[in-house]
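Heads up, my numbering is the position in the sequence shown plus 523, with the first residue counted as 1.
Report on one structure; see the data block that follows.
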Amino acid sequence: MRKNSFTRGKWNLHVRELTEPDGNTFRKCFIEKGGKALAQFANFGDEDEANARLCSAAPEMYRILEQIDRGHLFGWDSPLAKRIEKALRKANGERQ
524 MRKNSFTRGK WNLHVRELTE PDGNTFRKCF IEKGGKALAQ FANFGDEDEA NARLCSAAPE
584 MYRILEQIDR GHLFGWDSPL AKRIEKALRK ANGERQ
């Protein structure tokens, strides 16, 4: 697998309620690490926070999938091992 280049470490989720000049209030969800914004989710209604939570958990999920000994647990030819490899390749920007 190709070496990935995404931001390492824990990503933090922040939810802010903002008020526009016309008085309308909306929520924005931000993913950041070390004060640096990585992504924001807004204008998708109730899905914002759920999408942001999933995104903020991505580095941990990636590390877990990377550390699983898929051959030992599932057998290298198992459908689950192949799906894990495919997900890791996708995250690394490799061909599917």
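Glycine is no exception: its CB is placed at the ideal position from the N, C-alpha and C atoms.
Helix, strand or coil: which one does DSSP assign to residue i?
i       : result
Arg-618 : coil
Lys-556 : strand
Asn-566 : coil
Arg-550 : strand
Glu-540 : strand
Do the CB positions of residue i and residue j come within less than 8 Å of each other?
i       : j       : result
Trp-534 : Pro-602 : no
Given this structure, state the Cα-to-Cα distance separating residue i from residue j, to the nearest angstrom.
i       : j       : result
Arg-588 : Phe-529 : Strictly speaking, residue 588 in this sequence is Leu, with Arg absent from that position. Going by the C-alpha atoms only, they are around 16 Å apart.
Tyr-585 : Ala-565 : 25 Å
Glu-543 : Arg-550 : 11 Å
Arg-539 : Arg-531 : 24 Å
His-537 : Gly-616 : 27 Å
Glu-571 : Ala-562 : Reading the sequence as shown, one finds Asp at residue 571 and not Glu. Taking the straight line joining both Cα atoms gives about 12 Å.
Gly-598 : Lys-605 : 10 Å
* To do: Could you tell me whether the segment 565-577 touches the segment 592-610, where touching means 3 or more Cβ pairs closer than 8 Å?
  => no
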